[in-house]
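Participant: This is the structure, below, for whatever I ask next.
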Amino acid sequence: MKEREQDNHSDFIRDIVKDDLASGRSQNIHTRFPPEPNGYLHIGHAKSICLNFGVAREFGGLCNLRFDDTNPVKEEDEYVRAIREDVKWLGFDWEDREYYASDNFDRLYDYAIQLIKEGKAYVDDLSADEIREHRGTLTDQGRESPFRDRSVAENLDLFERMNKGEFGDGEKVLRARIDMSSGNMNMRDPVMYRILHEDHHRSGDKWCIYPMYDWAHGQCDSIEGITHSLCTLEFEDHRPLYNWFIEQLNIHYPKQIEFARLNMSYTVLSKRRLVELVDKGHVSGWDDPRMPTIAGMRRRGYPPESIRNFCDRIGVAKRDSMVDIALLEFCVREVLNKTAPRVMAVLNPLKVVITNYPDGGSEELDAINNPEDESMGSRKVPFSKVLYIEKDDFMEDPPKKFFRLAPGREVRLRYAYFITCNEVIKDPVTGDILELHCTYDPATRGGDAPDGRKVKATLHWVSAEHSLDAEVRAYDHLFLKEDLAQKRSQRCIQSGHRGYW
RNA sequence: UGGGGAGUCGUCUAACGGCAGGACGGCAGACUCUGGAUCUGUUUGUGGGGGUUCGAAUCCUCCCUCCCCAGCCA
């Protein structure tokens, strides 16, 4: 691995892991990356992937890929496939450890029965609205449901019948019996199971009750033998609930550690809002090159190594942050500068006629494929009497700091010759510059003058007759606004590109 | 005004009672077969008040600010 990717990270999570190993609290390290298959992975997920797989690798442990597929109405197999591909492309390998929360539906059902039998869970007939109303507010404690003290036998019977499909969606739920007066909302008798007569992408029509994420997640971690459950900050106050379940069930305890999710300037990283961009047709799809998705960045040509480097550089901490997208772009350029073969292309052409070059003549010149990597060799580029240069590389009346081509000035055509501009041909009506007439110095072939004279600038160019048409897609940031982290939905999409929006 | 978290250059992140450092961005200069490259330099920071200490970003205390939580979403 490259120097940047050496295992020399340090952050508060790795410190904890190190301590746990040193103290004997953990004998081994086992992490997991647990996406819900309801959308494509984005750069924020890349941070989590690099963290989870990175920590496992650095401490000689393992990292699982687990799909948290507890909500059949949102999840699709297409997303499972996309997520697999993206994690693999990023350079990580979960080997045979691909798991699904749905693998554990039977086990979770048994766990639920266990809690019911111990009087720690009950079936509630309250409607969703009533439950919300009973839950109380941030400052006022909740009220207990009138169904909270049903007998174990009745709860067992009702829960079984929920599972058999005797009730409609929303008619009943199974709730944990914890504490309606807790200051922590998550402890106010959270819902464990809801009724959903819906086919699941894996279990099909086997179930019509589905576990809530909060009921499934911790137990899945436990079942997989996860030692350190790394997740984002918003789950901090779910931790007491997860721990409560684990303690009641008396099963393996995974230590949850929360870190700050990634925010980046000029883009959005919430799945909800990315879905919106896709669904409303603001972008061509999840892999639109302007999307901050892994698939989008792959299509845009970002090397996976650059994304890993980026994740290393931003670090891992608990404070909310907004990373400058310029850092990502720097990481991309850094890798591409070393690895990308170069060719010359003119985006906005200005015709140049070399008046002292033979009519119909042409020749081939040597061009280096990558100035930063000699081993990439060289190629031949055709040169002839009529060329195109970039419009921006010429100014009829140049300001002081402009060193490129201007009337009477000599510059280098890269890998070719020194040329001097003698005449500017304009449209007599509009005054637009149509073409430049230049002369070349045959002695400067290859780009160096034998008399040692220097030029201030070097220009890229193509031979008109040999040049190829190309479709060039120049992308800018998706959003005009720098900070989109606030909850308020923004409508600041970059406009004016090909009429897409 | 309940509960849970967090405050260090513009941004991200180190420093774990002992010289506040690095990266990105910005700016300036140099250099170059491109001025979107490279190199060099540079600016700027411990939220505030008290306290402990020879010494505090770090420990104590009070305050301020910001983030998360009232889905049968994850």
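Quick note, the numbering used here runs 11 ahead of the 1-based positions in the first sequence.
Every residue, glycine too, gets a C-beta built ideally from N, C-alpha and C.
#1: Would you mind sorting H208 into buried or exposed? The rule is 16 or more other CB atoms within 10 Å of its CB.
#2: Return the CA-CA distance between I94 and P222, expressed in angstroms with no decimal places.
#3: Taking the DSSP output, what are the residues bridged to V392?
#4: Quick one: grab the DSSP three-state call for F170.
#5: Rounded to whole angstroms, what's the CA-CA distance from K217 to G176? Just pull it up for me.
#6: Are there 16 or more other CB atoms within 10 angstroms of the CB of C503, so buried, or fewer, so exposed?
#7: Which first and last residues belong to the alpha helix (DSSP H) in which K266 is found?
#8: Between which two residues does the alpha helix (DSSP H) containing S233 stretch?
#9: To the nearest angstrom, how far is the alpha carbon of N63 from that of I305?
#10: Run through DSSP, which three-state label would H53 get?
#11: Under the DSSP definition of a beta bridge, which residues are partnered with R423?
#12: So what does L241 bridge to, in DSSP terms?
#13: Determine the direct distance from the alpha carbon of Q125 to that of L260, and round the result to whole angstroms.
#14: Have a look at R250, K266, I220 and flag the residue whose alpha-carbon is nearest the alpha-carbon of E235.
#15: So, are the CB atoms of T238 and I27 less than 8 Å apart?
#16: Taking only runs of the beta strand (DSSP E) that begin and end inside the region 63-87, which ones reach a length of at least 3 residues, in chain order?
#17: So, using beta-carbon positions, are L338 and R324 closer together than 8 Å?
#18: Taking I206 and I220 to be in contact with their CB atoms under 8 Å, please state how far apart those CB atoms are, rounded to whole angstroms.
#19: For E491, count the other beta carbons within 10 Å of its own beta carbon; 16 or more makes it buried, fewer makes it exposed. Which is it?
#20: Going by Cα to Cα distance, which pick from K99, A460, P201 is closest to D135?
#21: Pick from F103, S113, I400: whose alpha carbon is nearest that of W226?
#22: Run the CB neighbour count on P523, radius 10 Å, all protein chains shown included, and call it buried at 16 or more, exposed below.
#23: Which runs of the alpha helix (DSSP H), 4 residues or longer, sit entirely within the region 103-136?
#24: Closer than 8 Å is the cut-off here; do at least three beta carbon pairs connect the region 353-370 with the region 468-484?
#25: In the DSSP assignment, what are the bridge partners of T304?
#26: Per DSSP, R186 is paired with what?
#27: Do the region 329-347 and the region 78-92 meet, that is, are 3 or more Cβ pairs less than 8 Å apart?
#28: Output the distance between the C-alpha atoms of L470 and I336, rounded to the nearest integer angstrom.
#29: With DSSP collapsed to three states, give me the class of I444.
#30: How would you label S474, buried or exposed, when you count the other beta carbons within 10 angstroms and need 16 or more for buried?
#31: Can you give me the start and stop residues for the alpha helix (DSSP H) that V343 sits inside?
#32: May I ask you to report which of helix, strand or coil DSSP gives E16?
#33: Once DSSP output is grouped into helix, strand and coil, what is the label at P249?
#34: Pull the bridge partners of K362 from the DSSP assignment, please.
#35: Find out if the Cβ-Cβ distance for the pair F256, G229 is shorter than 8 Å.
#36: Taking the DSSP output, what are the residues bridged to H211?
Facilitator: Taking the definition as stated:
#1: exposed
#2: 22 Å
#3: L376
#4: helix
#5: 10 Å
#6: Only weak support is given to the placement of C503: the predicted model assigns it a pLDDT of 41, under 50, and the value that follows is read from those uncertain coordinates. C503 should be labelled exposed.
#7: It is not in any alpha helix (DSSP H) - K266 instead sits in the beta strand (DSSP E) that spans 266-270.
#8: 224-234
#9: 17 Å
#10: strand
#11: F429, T469
#12: I268
#13: 8 Å
#14: K266
#15: no
#16: 73-78
#17: yes
#18: 5 Å
#19: In the sequence on display, residue 491 carries Leu and not Glu. Exposed, by the Cβ-count rule.
#20: P201
#21: S113
#22: Residue 523 lies beyond the residue range present for the chain, which begins at 12 and ends at 512; the question has no answer from this structure.
#23: 116-128
#24: yes
#25: H53
#26: Y133, V202
#27: no
#28: 29 Å
#29: strand
#30: buried
#31: 336-350
#32: Residue confidence for E16 is low, a pLDDT of 42 falling below 50, so the modelled location carries little weight and cannot support an answer.
#33: Looking at the sequence provided, one finds His at residue 249 rather than Pro. H249 falls in the helix class under three-state DSSP.
#34: Y399, E446
#35: yes
#36: G215
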